Amino acid sequence: MKVIESIWAKIQFAITVLGGALGYFLGGLDGLLIALIVFVVLDYITGVMVAIIDKTLSSEVGFRGIFRKILIFSLVGVAHIVDTNIIGTGAGLRTAVIFFYLSNEGLSILENTVYLGLPVPEKLKTILAQLQDSEEKY
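Per this note's numbering, the very first residue in the sequence shown carries number 69; after that it's consecutive.
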């Protein structure tokens, strides 16, 4: 039993270190990052739904989508590092990067939703379009 407890303690330690490093790299787990995580997951799920309906589900395309999502979070981390270590002020660049990807992922979710035949509230479309328009100015 001691061996299992020792292994479990090492796993917990590794998860803690990884979580701390990710938290630092991404600038902490705030509302914007939580929203981005939710949007990224929903976009992936709705994309898989579309692929199932179209009978084009492919592991290669799925992995490409996952790699794309990893790159989104990598760029958020890079923006945070630039904000804190190069620019030295707040989180303006990180916030702009998150808003950019929130709008892209949000619009993709809406496109997938419409493609699957579900009506989308006009106000939601408008807000995401405005968010995308404001981010294109940066």
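Cβ coordinates follow ideal geometry from the N, Cα and C atoms, glycine included.
Remember, predicted model here, so these are calculated numbers, not experimental data.
Can you have a look at residue 112 and say buried or exposed, based on whether 16 or more other CB atoms are within 10 angstroms of its CB?
buried
Check whether the Cβ atoms of residue 115 and residue 99 lie closer than 8 Å to each other.
no
Which residues mark the beginning and the end of the alpha helix (DSSP H) in which residue 147 is found?
127-149
Member of 193, 71, 172 whose CA lies at the smallest distance from the CA of residue 109
172
Residue 169 versus residue 193: straight-line alpha-carbon distance, rounded:
15 Å
Helix, strand or coil, according to DSSP, for residue 116 in the structure here?
helix
How many angstroms separate the CA atom of residue 78 from the CA atom of residue 102?
27 Å
Among 96, 120, 131, the one whose alpha carbon lies nearest that of residue 158:
96
Classification of residue 120 by the beta-carbon crowding that lies within 10 angstroms, buried from 16 upward:
exposed
Where does the unbroken alpha helix (DSSP H) through residue 166 begin, and where does it stop?
160-183
Just how far apart, CA to CA, sit residue 138 and residue 196?
22 Å
Would you mind stating whether residue 178 and residue 165 have Cβ atoms separated by less than 8 Å?
no
Beta-carbon separation of residue 94 and residue 144 under 8 Å?
yes
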